[in-house]
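Asks: Right, I'll just put the structure down here and ask away after.
Number of protein chains: 2
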Amino acid sequence: MARRNDHSPDELRRLALDAARRLVAEEGLRGLTVRRVAERIGYAPGTLYNLFANLDELVLRLNAETLDRMAEALAAAAACPPMERAAALVEAYFDRIEAEPFAWGVLFEHRLPAGTALPDWYGARLDRLIGIAVAALEPLMTAWPVLERRRAIVAMWAGLHGISTLAVGSKLALVGPGDPRALGRLLVSRVIAAGPP
Amino acid sequence: MARRNDHSPDELRRLALDAARRLVAEEGLRGLTVRRVAERIGYAPGTLYNLFANLDELVLRLNAETLDRMAEALAAAAACPPMERAAALVEAYFDRIEAEPFAWGVLFEHRLPAGTALPDWYGARLDRLIGIAVAALEPLMTAWPVLERRRAIVAMWAGLHGISTLAVGSKLALVGPGDPRALGRLLVSRVIAAGPP
DNA sequence: GCAGAGTTTTGAACGGCGTTCAATATGTGC
DNA sequence: GCACATATTGAACGCCGTTCAAAACTCTGC
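Those sequence lines, one after another, are chains H and P.
Residue numbering for the first sequence follows our numbering, starting at 1 and increasing by one per position.
Residue numbering for the second sequence follows our numbering, starting at 198 and increasing by one per position.
Put into structure tokens, the structure is as follows:
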């Protein structure tokens, strides 16, 4: 069989990624298998290997789209008056995660085999995200020297990831009071206000 | 076959966890399988199911020990003059992670099947860890109201986890300058110094 | 219409996985 | 020695990711 002509390769990739996203939303990374994706889109497992090098690449593509969605949410939130901007970004960040907690979890749960590096197109997504945060927050950090601002923003960024990761894995509730959003607000507002050491 | 009497059940669990830790150190979570652990300790795969309910429990036990080691490292670092304590804790934290980066990664990479809660004995480990940080740092946070201190410490704690997770998965280098330790120091020192919003 | 070339799709096959469980080998107490 | 209890085994099951020769399809040139 070949060229069923139902779908172009790009359409097939779209179908596969949508099916994968749905599987992840339902059961997390453990529920995402090549065979199940294939079944959901009505093709044989082998077909997926024409579209992606292997399951790892499919997961990376899925994660890239998750990052893109976050980037759009943050960019939209950044378009507000400077005074409210930091708070708006934090809210948008957690809104996005709560909309798709499993997909966000996969971002950290998935690791490439030892020795395999993340592809460039994936790194570009991370860059874009941090770039949005830097552009939005830098002007607010009047207490910081210009050259230190990016570093501080990366620290906040990583800090938010930590909070959200622990929250998604329900390892945060065990440890203390306060919802993740409050912790995120705390972290970001304190670092912005504090100024350098 | 039965009662080979080479090892008591507790000794067997010890052997299995040691083998598991070595496998993780070599290849990460992907390299940790029931069959390989069994092979390394010279028993059949089925035997491991007398010692652990399943592979998930084995991983949780391994993670619990990883948390215990971190707790000991932090407790040791906290026994220093208050002025140096925050910095000492951050250094000890990253020292520990660098000693076993793969094992630390497994802490976040591993998720239980959807719907399964973390067991109590695991939560106790998390509690002990955060308790050590709270006891060590609370006295330093003179700018914070007493009731807010724990919340702020949890936020820092989660923030450090974010930094270390991104660093271990090499998703941090892609995004900005500065080594993880510097970001950790920045986060902790700024929150401690800042005082509440 | 048709033949052949060129692709896409298939599905069986492979080795490995977690997990179960009847059968078995080894102890212990009599 | 013998029966009881238990720790251990390893084959079996159903799943997994991945490969690849064969098959099914489309397209081209006639």
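Even for Gly, the Cβ is constructed at its ideal location relative to N, Cα and C.
In whole angstroms, what separates the C-alpha of T33(H) from that of D203(P)?
Replies: Against the first sequence, residue 33(H) aligns to sequence position 33. Against the second sequence, residue 203(P) aligns to sequence position 6. Between T33(H) and D203(P), the C-alpha separation is close to 40 Å.
Asks: Is it buried or exposed, L51(H), if we count other Cβ atoms within 10 angstroms and call 16 or more buried?
Replies: The residue given as residue 51(H) occupies position 51 in the first sequence. Buried.
Asks: Exposed or buried, which one is A53(H) when buried takes at least 16 other CB atoms within 10 Å?
Replies: Walking along the first sequence from the start, residue 53(H) turns up at place 53. By the 10 Å Cβ count, A53(H) comes out exposed.
Asks: Rounded to the nearest angstrom, what separates R85(H) and R190(H) at their Cα positions?
Replies: If you number the first sequence from 1, residue 85(H) lands on position 85. If you number the first sequence from 1, residue 190(H) lands on position 190. R85(H) and R190(H): Cα-Cα distance of roughly 14 Å.
Asks: Alpha carbon to alpha carbon, what distance is there between S361(P) and P377(P)?
Replies: The sequence position of residue 377(P) within the second sequence is 180, counting from 1. The sequence position of residue 361(P) within the second sequence is 164, counting from 1. Roughly 7 Å separates the two Cα atoms.
Asks: For V303(P), is the classification buried or exposed, using 16 other Cβ atoms within 10 angstroms of its Cβ as the cut-off for buried?
Replies: Counted from its first residue, the second sequence places residue 303(P) at position 106. Buried, because 16 or more other Cβ atoms sit within 10 Å of the Cβ of V303(P).
Asks: Taking 8 Å as the CB-CB cut-off, is P113(H) touching chain P?
Replies: Translated into positions along the first sequence, residue 113(H) becomes position 113. Taking Cβ atoms only, chain P reaches closer than 8 Å to P113(H), which makes this a yes.
Asks: Counting only the same chain and skipping the five closest in sequence on each side, list residues whose C-beta sits under 7 Å from that of F102(H).
Replies: Here residue 102(H) corresponds to residue number 102 of the first sequence, with the count starting at 1. Answer for F102(H): V24, A25, G28, listed in chain order.
Asks: Check the Cβ-Cβ distances between L140(H) and every residue of chain P, and say whether any is below 8 Å.
Replies: Reading the first sequence from its first residue, position 140 is the one you call residue 140(H). Output row for L140(H): interface = no.
Asks: Just to confirm, is the Cβ distance from I329(P) to A272(P) under 8 Å?
Replies: Here residue 329(P) corresponds to residue number 132 of the second sequence, with the count starting at 1. Here residue 272(P) corresponds to residue number 75 of the second sequence, with the count starting at 1. The answer is yes: Cβ separation under 8 Å.
Asks: For A71(H), collect the residues of the same chain with a Cβ closer than 7 Å to its Cβ; drop the 5 residues on either side in sequence, then sort them by chain order.
Replies: Indexing the first sequence from 1 puts residue 71(H) at position 71. Cβ within range, chain order: R128, L129, I132.
Asks: Just to confirm my understanding: we take V154(H), look at its own chain, exclude 5 residues before and 5 after, and list those with CB closer than 7 Å. What are they?
Replies: Start at 1 with the first residue of the first sequence, and residue 154(H) comes out as number 154. The residues are I130.
Asks: Cβ of A355(P) less than 8 Å from any chain H Cβ?
Replies: Within the second sequence, residue 355(P) is the residue found at index 158, counting from 1. For A355(P), the answer is yes, since a Cβ of chain H falls inside 8 Å of its Cβ.
Asks: Using only alpha-carbon positions, find the residue among R111(H), E91(H), L137(H) that is nearest to P82(H).
Replies: Here the question's residue 82(H) lines up with position 82 in the first sequence. With distances taken between Cα atoms, P82(H) lies closest to L137(H).
Asks: Note the first and the last residue of the continuous alpha helix (DSSP H) segment covering H161(H).
Replies: Locating residue 161(H) in the first sequence gives position 161, counting from the first residue. From DSSP, the alpha helix (DSSP H) with H161(H) extends over 146-168.
Asks: Please name the residue in A194(H), L160(H), L48(H), G115(H) whose C-alpha comes closest to that of S367(P).
Replies: Along the second sequence, one-based indexing puts residue 367(P) at 170. Selected option, being the one with the closest Cα: G115(H).
Asks: Just to confirm my understanding: we take W157(H), look at its own chain, exclude 5 residues before and 5 after, and list those with CB closer than 7 Å. What are they?
Replies: For this step, residue 157(H) is matched to residue 157 along the first sequence. So the list reads I130, A133, once near-sequence residues are dropped.
Asks: What are the residues in the stretch 2-32 of chain H lying within 9 Å of chain P by C-beta distance?
Replies: Those would be E26, E27, G28, L29, R30, G31, in chain order.
Asks: Considering only residues of the same chain and omitting the five flanking positions on each side of F305(P), which have a CB-CB separation below 6 Å?
Replies: Against the second sequence, residue 305(P) aligns to sequence position 108. Counting only Cβ-Cβ distances below 6 Å, and skipping sequence neighbours, we find T362.
Asks: Nearest to G320(P) by CA position, among R258(P), E297(P), V234(P), is which residue?
Replies: Walking along the second sequence from the start, residue 320(P) turns up at place 123. Ranking the options by Cα distance to G320(P), first place goes to R258(P).
Asks: Buried or exposed: where does W104(H) fall if 16 or more other Cβ atoms within 10 Å of its Cβ makes it buried?
Replies: Counted from its first residue, the first sequence places residue 104(H) at position 104. With 16 or more other Cβ atoms within 10 Å, it is buried.
Asks: At least one CB of chain P closer than 8 Å to the CB of F94(H): is that the case?
Replies: Within the first sequence, numbered from 1, the residue matching residue 94(H) stands at position 94. So, not an interface residue.
Asks: Can you tell me whether DSSP reads T183(H) as helix, strand or coil?
Replies: Locating residue 183(H) in the first sequence gives position 183, counting from the first residue. Residue identity check: residue 183(H) is Leu in the sequence provided, not Thr. If DSSP states are grouped into helix, strand and coil, L183(H) belongs with the helices.
Asks: Using a Cβ-Cβ cut-off of less than 9 Å, give me the residues of the stretch 58-75 of chain H that come near chain P, in sequence order.
Replies: Under the 9 Å Cβ criterion, the stretch 58-75 of chain H contributes no residue.
Asks: What residues of chain P sit near V37(H), judged by a beta carbon separation below 8 Å?
Replies: Locating residue 37(H) in the first sequence gives position 37, where the first residue counts as 1. Within chain P, no residue comes near V37(H); the closest Cβ sits about 18 Å away, beyond 8 Å.
Asks: Using a beta-carbon distance below 8 Å, is A99(H) in contact with chain P?
Replies: Counting from one through the first sequence, the residue named residue 99(H) turns up at place 99. Closer than 8 Å: no.
Asks: Using DSSP with H/G/I as helix, E/B as strand and the rest coil, what is L55(H)?
Replies: One-based indexing of the first sequence puts residue 55(H) at position 55. Three-state result, L55(H): helix.
Asks: Which residues of chain H have a Cβ atom closer than 9 Å to the Cβ of E306(P), listed in chain order?
Replies: One-based indexing of the second sequence puts residue 306(P) at position 109. Result: F108, E109, H110, R111.
Asks: Quick check for students: name the residue ranges of the alpha helix (DSSP H) that lie wholly in the stretch 110-146 of chain H, counting only runs of 4 or more.
Replies: Fully enclosed alpha helix (DSSP H) runs of 4 or longer: 120-137.
Asks: By the 10 Å Cβ neighbour count, where 16 or more other Cβ atoms means buried, how is G42(H) classified, buried or exposed?
Replies: The count along the first sequence starts at 1 and reaches residue 42(H) at position 42. The residue is exposed, with fewer than 16 neighbouring Cβ atoms inside 10 Å.
Asks: Could you check if R30(H) is buried or exposed, using at least 16 other CB atoms within 10 Å of its CB as the buried criterion?
Replies: As a first step, residue 30(H) is located in the first sequence; it is residue number 30 there, counting from the start. Answer is exposed; the Cβ neighbour count stays below 16.
Asks: Just the chain P side, please: which residues come within less than 8 Å of I163(H) by C-beta, in chain order?
Replies: Translated into the one-based positions of the first sequence, residue 163(H) becomes position 163. Here the neighbours are A352, A355, G356, G359.
Asks: Taking CB distances under 8 Å as the criterion, tell me whether R325(P) reaches chain H.
Replies: For the purposes of this step, residue 325(P) is taken as residue 128 along the second sequence, with counting starting at 1. For R325(P), the answer is no, since every Cβ of chain H falls outside 8 Å of its Cβ.
Asks: Excluding the 5 residues flanking A216(P) on each side, which residues of the same chain have their C-beta closer than 7 Å to its C-beta?
Replies: Taking the second sequence and counting its residues from 1, the one referred to as residue 216(P) is at position 19. Cβ within range, chain order: V234, R237, I238.
Asks: At a Cβ threshold of 8 Å, is L166(H) touching chain P?
Replies: Indexing the first sequence from 1 puts residue 166(H) at position 166. At least one chain P Cβ lies under 8 Å of L166(H).
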